[in-house]
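Novice: Pasting a structure here, questions to come.
Numbering (this note's numbering), first residue to last: 1 to 164.
And the structure:
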């Protein structure tokens, strides 16, 4: 439900219906609250978790966030989180996942470009070594992703996921 009518933000938890909350959270966000990630040579706008938190404080007071599960494999961390928003229809929640790559194997090269060579073992297989990939705290990164995705399931910044 999209509306052009501006509502006064709720002052207490459960004051607004889910439709009212989604209508306001679904509005385009000011560029000033967005950040940019570089991916494959492209600039990708995204909503940082702390900005999402401020917006939820305004339009969904009383919201809560909890980590439902955490799982690791040899190279990834997986987090499932739940965002609960009190509405006039009761407490409603959305869950989402966040992942972080811990490390991956990187091929070992010797020499300088353009004459460098891939180092290989006696069976002619490339020799690899683990390469740490994550920037910052791994669990915070995965949790941030899960939180933003759960908020998007209530409409917050959902349009940012659209492919042009």
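For glycine and all other residues, C-beta sits at the position ideal for the given N, C-alpha and C. This structure is a prediction, so every number in the text was calculated from the model and none was measured.
Go ahead and pull the three-state DSSP assignment for residue 88.
Specialist: Reading the chain shown from its first residue, position 88 is the one you call residue 88. Coil, per DSSP.
Novice: With distances taken Cα to Cα, identify the nearest neighbour of residue 54 among 163, 148 and 159.
Specialist: Your numbering for residue 54 matches position 54 in the chain shown. Comparing Cα-Cα distances from residue 54 to each of 163, 148 and 159, the minimum goes to 148.
Novice: What separation, rounded to the nearest whole angstrom, lies between the Cα atoms of residue 80 and residue 65?
Specialist: For the purposes of this step, residue 80 is taken as the residue at position 80 of the chain shown. For the purposes of this step, residue 65 is taken as the residue at position 65 of the chain shown. For residue 80 and residue 65, the distance between alpha carbons rounds to 11 Å.
Novice: Would you kindly work out how many angstroms separate the C-alpha atoms of residue 45 and residue 123, rounded to a whole number?
Specialist: Here residue 45 is taken as the residue at index 45 of the chain shown, counted from 1. Here residue 123 is taken as the residue at index 123 of the chain shown, counted from 1. Approximately 45 Å, taken between the alpha carbons.
Novice: Can you tell me whether residue 11 is buried or exposed, with buried defined as 16 or more other CB within 10 angstroms of its CB?
Specialist: Counted from its first residue, the chain shown places residue 11 at position 11. Exposed is the call here.
Novice: So what's residue 148 in DSSP terms, helix, strand or just coil?
Specialist: As a working note, residue 148 is residue 148 in the chain shown. Residue state, collapsed to three classes: helix.
Novice: For residue 113, does the three-state DSSP call read helix, strand or coil?
Specialist: The residue given as residue 113 occupies position 113 in the chain shown. Three-state DSSP puts residue 113 in coil, outside helix and strand.
Novice: Report whether the distance from the Cβ of residue 124 to the nearest heavy atom of the ligand ZN is below 8 Å.
Specialist: No copy of the ligand ZN occurs in the structure displayed, which carries no ligand at all.
Novice: Measuring straight from C-alpha to C-alpha, what distance separates residue 165 and residue 142?
Specialist: For residue 165 there is no data in the structure shown, the boundaries of the chain being 1 and 164.
Novice: Is the distance from the Cβ of residue 62 to the Cβ of residue 13 below 9 Å?
Specialist: Taking the chain shown and counting its residues from 1, the one referred to as residue 62 is at position 62. Taking the chain shown and counting its residues from 1, the one referred to as residue 13 is at position 13. Cβ atoms of residue 62 and residue 13: closer than 9 Å.
Novice: Tell me which same chain residues have a C-beta within less than 7 Å of the C-beta of residue 93, skipping the five on either side of it?
Specialist: Against the chain shown, residue 93 aligns to sequence position 93. Closer than 7 Å at the Cβ level, and outside the excluded window around residue 93, lie 82, 83 and 84.
Novice: Hey, out of 156, 41 and 86, whose CA is closest to residue 33's CA?
Specialist: If you number the chain shown from 1, residue 33 lands on position 33. That would be 156, whose Cα lies nearest to the Cα of residue 33.
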